[in-house]
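Here the structure comes first, spelled out in structure tokens, and everything after it is commentary.
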Amino acid sequence: YDKLRPHVTVYTGLARPSQTFASAVVLRALGVPEDQVAQMLGLRVPAKEGVAGPQAAAQVALAGQGTGTYSISSRATRPDGTRVQVQAAIRVGGGGGFGQLYLPLSWRVGESD
18 YDKLRPHVTV
28 YTGLARPSQT
38 FASAVVLRAL
48 GVPEDQVAQM
58 LGLRVPAKEG
68 VAGPQAAAQV
78 ALAGQGTGTY
88 SISSRATRPD
98 GTRVQVQAAI
108 RVGGGGGFGQ
118 LYLPLSWRVG
128 ESD
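So in my numbering, spot 96 of the sequence shown is number 113, and the numbers just go up one at a time.
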């Protein structure tokens, strides 16, 4: 389970993983040929480390397409060397409270990959 957890989710409601968002491990498990795995991963927009705020918004549209369910992983290191990691799964437009733009589905603090 611990090895599988970073690669799958139960929150999309899909019967199969979406090849659009699947990791290389999942694509291979789905039987996608290795050359196509490399090509599919190469077409994705890489995360920009250290880019935040308006600059990040200008580079990548947030939740533009897809299932509406997304995973977010954030890592930070303080000047004293203390590290923390937060992992969340959210659904955009989640139908929660009035005016809520997203619905948190899971939230884990301090767990490593």
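Yeah, the Cβ is synthetic: ideal placement off N, Cα and C, and Gly gets one too. Every value quoted in this text rests on a predicted model; they were computed, and no experiment measured them.
Per the coordinates, the alpha-carbon of P23 lies some 10 Å from the alpha-carbon of V43. In the structure shown, L31 falls within a coil segment according to DSSP collapsed to helix, strand and coil.
Restricting attention to T94, Q56, S90, the CA atom closest to the CA of A106 is found in S90. Counted as a single uninterrupted DSSP element, the beta strand (DSSP E) harbouring Q104 occupies residues 100 to 109. As DSSP reads the structure, R92 sits in a beta bridge with Q102. In the DSSP assignment, V42 falls within the alpha helix (DSSP H) that extends over 41 to 46. The C-alpha of W124 is placed about 25 Å away from the C-alpha of D97.
Per DSSP, reduced to three states, the secondary structure at P23 is helical. In this model, V54 and A39 are separated by some 10 Å (Cα to Cα).
In the structure shown, the three-state DSSP call for V49 is coil.
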